[in-house]
Structures are given as structure tokens and as C-alpha cells.
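To start, the structure under review is shown below, and the notes come after it.
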Amino acid sequence: MKTRREFIQLLGVGGAVFASGLAGACTRILKRTEADDFFFVQLSDTHWGFQGPPNPDAENTLRKAVAAVNALPRDPDFVVFTGDLTHTTDDDSERRRRMREFQSIVSGLRVQTRWFMPGEHDASLDRGKAYEESFGRMHYSFDHKGVHFAVLDNVSDPAAVIGDAQIDWLRSDLKPLAADAPIVIFTHRPLFDLYPQWDWSTKDGGRAIDLLQHWKNVTVFYGHIHQEHHFMTGQIAHHAAKSLIFPLPPAGSQPKRAPVPWDAAHPGRGLGFRDAVDADRARSWRLTEYSMEGLAVPAAARAG
Amino acid sequence: MISLLLAAAILVPNDGAQVIQLTAKKFEFSPAVIELRVGVPVVLEVSSLDRKHGFALPDFKIDEQIEAGGVTRIRFVPDRAGSFAFHCSVFCGSGHEDMGGTIVVKP
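Chains as they are written, first to last, in numbering that gives the first Met the number 0: chain U, 0 to 303; chain S, 0 to 106.
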């Protein structure tokens, strides 16, 4: 059995750890014990069905990620996919086929608890019809070991709007929680205006943030921008995850939002996933970033 | 060249606003480069040739939806010089991320 440190070294991560959240004592709404501490894995932007020079290994990248998660020294409590599970297509039947293939591949994850949400590539062209058939609800909440998780859909409206109904639902969903309850939001697009010039925002994301400011321990995990990014709006920490198809450049670093070219000398560079450890009873999350660079796909899982 | 491309699309109404006609279709705007002058009001008349699109110019807090078959008029006064990106803000398919252009505002 590999230790966590050995595994991190194996993946070439260097043990990059980012602690986020708030310090300070607070009272839990639910009773928690040390044994309750847990971690989850976030995978994002797998874009199953994408083909092109930005990732000539697209047939295998998701399979490699599944194998890498299965090889973690300890299974996570759950895995969450923060949208763009599939790459968009105008063909409804092809969209459904890609979703079935995606489901088939991620069924290889040893961890059985998996949470999903759509990205615009999954849901914007048909307002989530195919997604709901395949994966179910696009916004929902659940509780795990004293932490409240809420999933927000900011993509099924193709104009990137959360909308009144969902904001009302979120308000109702959070209302019973104490002001210091640990809350995690999963969503696809950034809720704040990270870089609207590249469509890295949610049109009414500010309404969600204004609502969330009423709670002291809120952390947002999202995808969409295909790179690691950390930002605070007030006391809310926002963490973007790497993609599993191609990286994008930092906001505004070049005129166009074009994928970072594939580096044949370093295949998989810029791709990855993370785990998040409930480091301080969800007042802070200790993040570890895993790189896909140089990972081989197990023979049993190889495409074709 | 840009001036030639724009010449046919520019009208000057009575109130002094420059009117520029712009078309949107999967996955491009035409023209993709628009020249304006600081302080000169402009009306963008944006029409879609195929489906619903969006026109977002974040630096000027503009984000409008462009319905197919209609014309959306967007009036603003560029108050500073520079190059400003605009893009489609309604997801429209596999080339959506490439659908954009530049407004160049000259002093």
C-alpha cells in the first residue's frame, strides 16, 4: 500500500496543497467527531467525445483518471464531476451516446458514491433534456458527515443564468442551516466574474454569492476554466479545478481563449484532478492537486 | 481593409449616432472587427442568420440576446480608447467558444 506522500510523488504533483476557508471557532449544527473527517475527489471538464490536436490522447485521458483515483491510497468518500462531462454536439443521439460512454467509463471507479452536474457542453443546447435522462437532477443538495453540499446548475439556460426559481430553491435549502454550518457549493461556471471577456462568469452569479454571504463557512468548487484557480469573494472561497481534456491559458493572458497546445514531450501536462480533505471540519479544505502528466493507462482500461 | 468592410454597414442617423449592422451565425460575427471613436454614440444593429445568439461586450457592461429573425439594437457611447473583445453569450454549439470579435475604439 502506498502512502499518500508516495502516491503524490508518483503522480508528479509535488504535494501541492492549498488550504482554504476560515479560521476561528464556531459551533456545529450537527455533532461531529474526529472520525467524521473525510475527503472527496473532484474531476472536471472531461469533455468525453472531444477529438482534436489539443488532446491526441482524448480516448484514454478519462480512463487514466479513473485508474488514478482507484489507485489512491484510500478511497474517497465520494467523487464529484463538476460539469462538461461530454463535449457538445448538435446531434441529440450522439449526445446521448457520449453520455452513455461516459457513464460506462466512470462506472469503473471503485468508489460508488458519485455526484454529477452538467456543464454547458452537456446541457445548453437542449436545456438539459438528455442530461436529465442520463444523470437526473441538475440542482440538488445532500449532506455528508455534517457538511451540507448544494449543486447549482448555471448552464442549462444557455445564457448562463441560474434563474429565480433556483435561487429561491437555494434560499429554502439553506434556510434551516445555522450561520456557521459548513456548506459546499458545487457548480460548473464561476459564480463570480472571473473574466467575463472569456465567458468565465455566471450572469446572475452575484445573486447566489449575496445569498451565500449569510453563512460563514462556504466553499465553492467549480470547473469550466480548465485550470486551477483560487479566489475569495468576502469570506467565500472559490476553487476551480483542472480539466481532463485540455488546459486553457490564464484569464486574459492572450487575445483568444484557445486551448494550451498539447506538449508531446510532456503528455498530459496541465491536466489533472484534486482531492479535498475536510481539514478543519469544513472551515477549511486541504486541497491536493494531482497531475495527469506522464500517466499510463492500464492495459485493461485502454480504448479500442 | 477594415474600413472598406465596414463602409457598407455604417449609416449615420440624424442624432449623430453611428449605426453599424452586425450579423451573427454559427460561429462568427460579421464584421468581426469594428472601429469606433471615443465619445461618438453608436447603435449596433445585430441580427442572427440562424439561431439565438448573444452579444456580450463586458468592458462596457453590455450583454444582449439576439433572437433569430429579429434585429437587436444596442446603443452605447464608447468612453475610452482601446481594443475590447466581444463574444457570443448564448451557448450555440461546438464552435461557440470561438465566436467573437473586437471593437477598436480610437481616440
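We put the CB at the ideal spot given by N, CA and C, even for glycine.
Residue state for Val89 of chain S is assigned as coil, using DSSP reduced to three classes. Membership of Lys128 of chain U in the alpha helix (DSSP H) is indicated by the continuous run Lys128 to Phe134. Listed along chain S, the residues sitting closer than 7 angstroms to Pro157 of chain U by beta-carbon distance are Val89 and Phe90. Around the Cβ of Gln253 of chain U, a 10 Å sphere holds fewer than 16 other Cβ atoms; the residue is exposed. A check of alpha carbon separations from Tyr221 of chain U across U:Asp56, U:Pro117, U:Arg97 and U:Leu108 identifies U:Pro117 as the nearest. Along the region 32 to 63 of chain S, the positions whose C-beta sits under 8 angstroms from a C-beta of chain U are Lys51, Gly53, Ala55, Pro57, Asp58 and Asp62, read in chain order. In this structure, Phe185 of chain U sits near Val79 of chain U, with a CB-CB distance shorter than 8 angstroms. When the beta-carbon positions are compared, Thr201 of chain U and Ile166 of chain U stay at least 8 angstroms from each other. Straight through space, the alpha carbons of Pro53 of chain U and Ala257 of chain U are spaced by roughly 9 angstroms. Interface flag for Thr201 of chain U against chain S is unset, since no Cβ pair is found closer than 8 angstroms.
Assigned with DSSP and collapsed to three states, Pro195 of chain U falls in helix.
Using a Cβ-Cβ cut-off of 8 angstroms, Ser29 of chain S does not count as an interface residue toward chain U, since no Cβ of chain U sits closer than that to its own. Under the three-state reduction of DSSP output, Val42 of chain S falls in the strand class. Apart from the 5 residues on each side of it in sequence, Glu27 of chain S sits with its Cβ closer than 7 angstroms to the Cβ of Met98 in its chain, given in chain order. Proximity to Asp91 of chain U across U:Ala67, U:Gly233, U:Ser290 and U:Asp121 peaks at U:Asp121, based on C-alpha coordinates. Nearest Cα to Val32 of chain S within the set S:Gln20, S:Lys25 and S:Gly94: S:Gln20. Judged by pairs of C-beta atoms under 8 angstroms, the region 94 to 105 of chain U does not touch the region 140 to 150 of chain U, as fewer than three such pairs exist. Under the DSSP definition of a beta bridge, Gln64 of chain S partners with S:Gly53. Phe75 of chain S places its beta carbon 8 angstroms or farther from that of Phe85 of chain S. Each of U:Pro266, U:Asp152, U:Gly267 and U:Trp197 was checked against the Cα of Gly251 of chain U, and the nearest Cα belongs to U:Trp197. Between Val45 of chain S and Pro157 of chain U, the gap from beta carbon to beta carbon reaches 8 angstroms or more.
The beta-carbon distance between Val217 of chain U and Ile244 of chain U, rounded to whole angstroms, is 29 angstroms. This is too long to meet the 8 angstroms contact definition. Ala207 of chain U places its beta carbon 8 angstroms or farther from that of Leu173 of chain U. Shown here, Asn216 of chain U sits in a strand according to DSSP, grouped into three states. The alpha carbon of His237 of chain U has as its nearest neighbour, out of U:Leu190, U:Phe272 and U:Leu42, the alpha carbon of U:Leu190. Asp76 of chain U is a Cβ neighbour of Phe38 of chain U, given a cutoff of 8 angstroms.
For the pair Trp284 of chain U and Ala239 of chain U, the Cα-to-Cα distance works out to about 13 angstroms. From the beta-carbon of Glu96 of chain S, the residues of chain U found nearer than 8 angstroms are Asp198 and Arg256. In the assembly as shown, Asp89 of chain U is an exposed residue. Its beta-carbon has fewer than 16 other beta-carbons within 10 Å. For Glu100 of chain U, there are no neighbours in chain S by C-beta distance under 7 angstroms, as the nearest C-beta there is about 17 angstroms away. Judged by beta-carbon spacing, Trp47 of chain U lies beyond the 8 angstroms limit of Glu132 of chain U, meaning their Cβ atoms are not closer than that value. With 16 or more other Cβ atoms inside 10 Å of its own Cβ, Gln226 of chain U counts as buried. In this structure, the straight-line span from the alpha carbon of Leu210 of chain U to that of Gly233 of chain U is close to 12 angstroms.
In this structure, the beta-carbon distance from Arg113 of chain U to Val154 of chain U does not fall below 8 angstroms. The DSSP assignment places no complete alpha helix (DSSP H) segment of no fewer than 4 residues inside the region 212 to 288 of chain U. The beta-carbon separation of Thr45 of chain U and Leu84 of chain U, rounded to 6 angstroms, stays under the 8 angstroms limit for a contact.
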